[in-house]
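Right, one structure below, let's go through it.
Protein chains: 2
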Amino acid sequence: MDRSEPEDRGAGALDGHRALPFGKRLPVRAPVNGRRRHFDAGMVIYSQGEDGDAWLLLEAGVVMTCRYGIDGHRHVTRFAVAGDVVGIDVGMRAETASALTPVMLSPLVCDSGGGGEGAADFMQMVLQKTLAELQDSQALLARRTAVERVAAFLLLFGARTGHISHVELPMSRADLADHLGLGMHTISRAFSQLLRSRFIALADPHHVRLLQRGQLANLAGVDDDFRGDGGLRSPLVA
Amino acid sequence: MDRSEPEDRGAGALDGHRALPFGKRLPVRAPVNGRRRHFDAGMVIYSQGEDGDAWLLLEAGVVMTCRYGIDGHRHVTRFAVAGDVVGIDVGMRAETASALTPVMLSPLVCDSGGGGEGAADFMQMVLQKTLAELQDSQALLARRTAVERVAAFLLLFGARTGHISHVELPMSRADLADHLGLGMHTISRAFSQLLRSRFIALADPHHVRLLQRGQLANLAGVDDDFRGDGGLRSPLVA
DNA sequence: CGCTTGATTGACGGGCCTCAAAAAATGTGG
DNA sequence: CCACATTTTTTGAGGCCCGTCAATCAAGCG
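From first to last, the protein sequence lines stand for chains A and B. In this text, residue positions in the first sequence follow my numbering: the first is 332, and each later residue adds one. In this text, residue positions in the second sequence follow my numbering: the first is 332, and each later residue adds one.
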């Protein structure tokens, strides 16, 4: 309905380069090695098990990474947004990465010798940022109800994409379910419940307006002191 | 009852230095900076929120790291064993670390300038190993029943401590519950169920014998091709 | 328009949490 | 070494949340 309000902070997540949401910002000039590659929505970037350990800086778009268990079950590791680095592997891809939107990726140098002076520091920063993100995601899964998980995810993903009250979700409900450790129907029910509570509004299933951030944060059990700068280490830590 | 059988591969987890269970082995000589510190069981090593970003190499013992949410709920991030590095933080401690057994810790240098040539590579290796571990732990929490989670944890923790069929669990049931995202009673029931199925045997609540590794792996949905060398990337990947 | 895909909603059963109590393990002092 | 108190673990009963099966609805597409 009214999803073109100029109320959010940054440009859309798909509009191009963007500063990192919070935490240590990566250097403006990342040690890129090779030409940028583009993928359309739905394309697989690399597959679990195949050779390759090139790190890929996600410059625009959203990438979903997932692992398939031996029983066929899928677990969505994370949803990477612009500024994130995907493909942090050694020798072999531990997960499958696919594009949820049109994406632009820049390969990064992987050995400290070839990337100039600050390459090692840069890579360490990337690893620590990824580690902190994964820890947040882990805390999100533990001992929370479906509504709590969805509320927490909306706040976290909104913060990561730079949008305060208008969150765009390029992933399907099933993707979200496999990420939050729930069933697809349960995710849908959680959205409906948040909708009935007037905490969110839905233009369509992929465009969420956060009407009551405080109530959502209360549900999620997170601190909602959102700050655009690097002052906030993590919304999931008291 | 019969918990002194010499059937396991390595020495006990508390007996001193030990090779890493699998994955990339850390260099024999870690860039240690400062004197080793000892903590008795139950002591807090550092607390969430306090200043400090020194990495600590765990040389012996088991360390539990946890984060406290804003609602007071506790999430146990991981159980670090000998060879692991704890305290990978930037500026502030993101989690609380406490000793589950008597532990010995060595502080590591944190800037690439002061640790000699391979310090940066070493730290990157540590970060990637920690990242992979956390991903396994994340996959463990997603969409598994209580028995499946406990079975997976027993196999993983046993592999990490170097014990094949005799796993020593220094943590309480409540600690385990907060790690696996379940209630304490549910953990206890899962153990009882595995006991009734004759998949495990309990000398006492902290000493588990894995009688049917294949059945446990089948329950957990993991590949149980345990290899002592680095050939196995992760038991949770197909 | 008919087909396909994705999202939503309902009914029902099972697994896990909560409340409660008993049993076992652990620690302490005599 | 034993008795006692404390903590931890185990087990039971009941209820709620979520997964499964199923049907309906909306949207995109040839």
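For every residue, glycine included, the Cβ atom is placed at its ideal position computed from N, Cα and C. Model, not experiment: these values are computed from the prediction.
When the beta-carbon positions are compared, A425 (chain A) and Q379 (chain A) come within less than 8 Å of each other. A residue is called buried when at least 16 other Cβ atoms come within 10 angstroms of its Cβ; G545 (chain B) does not meet this threshold and is exposed. Here the C-alpha atom of A385 (chain B) lies approximately 10 Å from the C-alpha atom of N364 (chain B).
Rounded to the nearest whole angstrom, the CA to CA distance from H497 (chain B) to A413 (chain B) is 17 Å. A check of alpha carbon separations from R504 (chain B) across B:I419, B:V434 and B:A477 identifies B:A477 as the nearest. Here DSSP, grouped into helix, strand and coil, assigns M456 (chain B) to helix. Against chain A, the CB of R474 (chain B) has a partner CB under 8 Å away; the residue lies at that interface. Under the three-pair Cβ rule at 8 Å, the region 486-496 of chain A does not count as touching the region 529-540 of chain B. The beta carbon of V375 (chain B) sits no closer than 8 Å to any beta carbon of chain A. Residue pairing by DSSP places R405 (chain A) opposite A:Y399 in a beta bridge.
Boundaries for R527 (chain A): no beta strand (DSSP E) harbours it, while the alpha helix (DSSP H) harbouring it runs M515 to R527, taken from the DSSP string. Spanning the alpha carbons of F522 (chain B) and L511 (chain B) requires a straight line of approximately 13 Å.
According to the DSSP assignment, T492 (chain A) belongs to the alpha helix (DSSP H) that extends over A477 to T492. Following the DSSP letters along the chain, one finds D535 (chain B) inside the beta strand (DSSP E) bounded by residues I531 to D535. Within its own chain, the residues whose Cβ lies closer than 7 Å to the Cβ of V421 (chain B), once the five positions on either side in sequence are excluded, are D384, listed in chain order. Going by DSSP, A391 (chain A) is part of the beta strand (DSSP E) stretching over W386 to A391. Burial is judged here by how many other beta carbons sit within 10 angstroms of a residue's own beta carbon; G400 (chain B) has at least 16 and is buried. Annotation: the continuous alpha helix (DSSP H) that includes L511 (chain B) extends over R504 to L511. Taking C-beta atoms as the reference points, R367 (chain A) and M454 (chain A) fail to come closer than 8 Å. D506 (chain B) has a beta carbon lying at 8 Å or more from every beta carbon in chain A. If you draw a straight line from the Cα of E390 (chain B) to the Cα of A451 (chain B), it comes to about 20 Å. Listed by position along chain A, the residues whose Cβ is nearer than 7 Å to that of R368 (chain B) form an empty set, because the closest Cβ is around 23 Å away. Q466 (chain A) places its beta carbon 8 Å or farther from that of L458 (chain B). Taking all protein chains in view, the Cβ of M395 (chain B) is crowded by 16 or more other Cβ atoms within 10 Å, so the residue is classified as buried. When B:D402, B:Q543 and B:I419 are compared, the shortest CA-CA separation from R409 (chain B) is found for B:I419. DSSP places R368 (chain B) inside the beta strand (DSSP E), whose first and last residues are R368 to F370. Listed along chain A is no residue with a C-beta nearer than 9 Å to that of H538 (chain B); the closest approach is about 26 Å. If you look at L550 (chain A), you'll find it in the alpha helix (DSSP H) that goes R544 to A551.
Against S503 (chain B), chain A offers no close residue; the least beta-carbon distance is about 16 Å (beta-carbon pairs closer than 8 Å). Nearest to A473 (chain B) by C-alpha distance, out of A:L513, A:D402 and A:A548, is A:L513.
Distances from the alpha-carbon of L541 (chain B) to those of B:L387, B:L507 and B:A482 put B:A482 closest. Counted as a single uninterrupted DSSP element, the beta strand (DSSP E) harbouring R540 (chain B) occupies residues H538 to L541. A direct Cα-Cα distance of roughly 7 Å separates F370 (chain A) from A430 (chain A). Within a 10 Å sphere around the beta-carbon of E479 (chain B) sit 16 or more other beta-carbons, which makes this residue buried. Here D402 (chain A) is exposed, its C-beta having fewer than 16 other C-beta atoms within 10 Å.
Close CB contacts of P433 (chain A) within its chain, under the 8 Å cut and outside five residues either way in sequence, are with L345, H369, F370, D371, A372, A391 and G392 (chain order).
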